[in-house]
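Undergrad: Chain order of the listed sequences is A and B. If you're matching positions, the first sequence starts at 16 in this note's numbering and goes up one per residue. If you're matching positions, the second sequence starts at 118 in this note's numbering and goes up one per residue. Ideal Cβ placement from N, Cα and C applies to all residues, glycine included.
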Amino acid sequence: GQQLNQSPQSMFIQEGEDVSMNCTSSSIFNTWLWYKQDPGEGPVLLIALYKAGELTSNGRLTAQFGITRKDSFLNISASIPSDVGIYFCAGSTSYNTDKLIFGTGTRLQVFP
Amino acid sequence: DTGVSQDPRHKITKRGQNVTFRCDPISEHNRLYWYRQTLGQGPEFLTYFQNEAQLEKSRLLSDRFSAERPKGSFSTLEIQRTEQGDSAMYLCASSLLGQGYTDTQYFGPGTRLTVL
Numbered sequence: 016g017q018q019l020n021q022s023p024q025s026m027f028i029q030e031g032e033d034v035s036m037n038c039t040s041s042s043i044f045n046t047w048l049w050y051k052q053d054p055g056e057g058p059v060l061l062i063a064l065y066k067a068g069e070l071t072s073n074g075r076l077t078a079q080f081g082i083t084r085k086d087s088f089l090n091i092s093a094s095i096p097s098d099v100g101i102y103f104c105a106g107s108t109s110y111n112t113d114k115l116i117f118g119t120g121t122r123l124q125v126f127p
Numbered sequence: 118d119t120g121v122s123q124d125p126r127h128k129i130t131k132r133g134q135n136v137t138f139r140c141d142p143i144s145e146h147n148r149l150y151w152y153r154q155t156l157g158q159g160p161e162f163l164t165y166f167q168n169e170a171q172l173e174k175s176r177l178l179s180d181r182f183s184a185e186r187p188k189g190s191f192s193t194l195e196i197q198r199t200e201q202g203d204s205a206m207y208l209c210a211s212s213l214l215g216q217g218y219t220d221t222q223y224f225g226p227g228t229r230l231t232v233l
């Protein structure tokens, strides 16, 4: 099935560092979402974006809906050990989320 | 806990057997989705319901798969004559579509299926 291009595939960083990851699509999306998934669990919603150019924060997390509608970015500031996990972007071509298309995931490892 | 719940969390079965999974959405959510996730990949859409109506099915949903949401609340996903390729995490999500709501999907913990 179709998946979004997400990069980097994995990141190994030291506690306290900032993290950036992005997601690109060949199609225009009208909704972008970022989820975090721990092993053996379902994805947990971090941030939802509904307008091109929108910049939204959730604590140390900031995400942006790209102006071209074909990309989105997630930044994590001052990383901590509990940030470890797999981060997925997801998008929908409709204004209601209905069928979400997910990215390939970014695996984040934080070392003390 | 008022989140999405799924049962069972783990299922091991032999090839050829039938299995059924249950999903209970967040109370009052009118949309319910099923996704499948294989190791190292993101979730892939299978099907979704608005109330009791099944509105879309992915090509991934072969004839051996059937999903129902008879009363517009919980849903079941049945796989008949399981194959080893069906081994995956089956995720359920729900959302509230309506005026003033953004239809954001919230996921359950998933059911891990292993077909031997």
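#1: Chain A beta carbons: is any one of them nearer than 7 Å to that of B:Gly225?
#2: If I measure Cβ to Cβ from A:Ser42 and keep anything under 8 Å in the same chain, skipping five residues before and after, which residues do I get?
#3: Using a C-beta cutoff of 7 Å, does B:Leu208 count as contacting chain A?
#4: Following the continuous beta strand (DSSP E) through A:Thr71, name the residue where it begins and the one where it ends.
#5: Taking CB distances under 7 Å as the criterion, tell me whether A:Glu32 reaches chain B.
#6: Mind checking who B:Glu235 pairs with in its DSSP beta bridge?
#7: Less than 7 Å between the beta carbons of B:Gln134 and B:Thr228, yes or no?
#8: Can you find a C-beta in chain A that's less than 7 Å from the C-beta of B:Phe236?
#9: Can you tell me whether A:Lys114 is buried or exposed, with buried defined as 16 or more other CB within 10 angstroms of its CB?
#10: What does A:Gly118 touch in chain B if you count any residue whose Cβ is under 9 Å from its own?
#11: From the DSSP output, in three-state form, read off A:Ser97 for me.
#12: Could you give the C-beta distance for A:Phe117 and A:Gln29, rounded to a whole number, given that I count them as a contact under 8 Å?
#13: Answer with buried or exposed for A:Phe126, where buried requires no fewer than 16 other C-beta atoms within 10 angstroms of its C-beta.
#14: Spatial neighbours of A:Pro23 within its chain, please: CB distance less than 7 Å, with the 5 preceding and 5 following residues excluded, ordered by chain position.
#15: Which whole-angstrom value describes the C-beta separation of A:Ser94 and A:Glu32, a residue pair presumed to lie in contact below a C-beta threshold of 8 Å?
TA: So, from the data block:
#1: The residue labelled residue 225 of chain B in the question sits at position 108 within the second sequence. Chain A contact via Cβ: present.
#2: As a working mapping, residue 42 of chain A is identified with position 27 in the first sequence. Answer for A:Ser42: Lys85 and Thr108, listed in chain order.
#3: Numbered from its first residue, the second sequence carries residue 208 of chain B at position 91. At least one CB atom of chain A sits nearer than 7 Å to the CB of B:Leu208.
#4: Residue 71 of chain A sits at position 56 when you count from the first residue of the first sequence. It spans Leu70 to Asn73 - the beta strand (DSSP E) in which A:Thr71 sits, taken as one unbroken run.
#5: The residue labelled residue 32 of chain A in the question sits at position 17 within the first sequence. With its beta carbon at least 7 Å from every one in chain B, A:Glu32 lies outside the interface.
#6: The first residue shown for chain B is 118 and the last is 233, placing residue 235 of chain B beyond what the model contains.
#7: Against the second sequence, residue 134 of chain B aligns to sequence position 17. Against the second sequence, residue 228 of chain B aligns to sequence position 111. No, the pair does not count as a contact, with Cβ atoms beyond the cut-off.
#8: One cannot answer for residue 236 of chain B here, as it falls past the ends of chain B, which runs 118 to 233.
#9: Within the first sequence, numbered from 1, the residue matching residue 114 of chain A stands at position 99. With 16 or more other Cβ atoms within 10 Å, it is buried.
#10: Translated into positions along the first sequence, residue 118 of chain A becomes position 103. Those are Gly159, listed as they occur along chain B.
#11: Residue numbering aside, residue 97 of chain A sits at position 82 when the first sequence is read from its first letter. DSSP places A:Ser97 within a helical segment (H, G or I) once states are collapsed to three.
#12: Within the first sequence, numbered from 1, the residue matching residue 117 of chain A stands at position 102. Within the first sequence, numbered from 1, the residue matching residue 29 of chain A stands at position 14. Approximately 28 Å separates the beta-carbon atoms of A:Phe117 and A:Gln29; this is outside 8 Å, ruling out the contact.
#13: Start at 1 with the first residue of the first sequence, and residue 126 of chain A comes out as number 111. Classified as exposed, A:Phe126 has fewer than 16 neighbouring CB atoms from the shown chains inside 10 Å of its CB.
#14: On the first sequence, position 8 is the one that residue 23 of chain A refers to. Once the five neighbours on either side are set aside, the close Cβ partners of A:Pro23 are Met36 and Thr121.
#15: In the first sequence, the residue the question calls residue 94 of chain A occupies position 79. In the first sequence, the residue the question calls residue 32 of chain A occupies position 17. A Cβ-Cβ separation of about 6 Å places A:Ser94 in contact with A:Glu32 under the 8 Å criterion.
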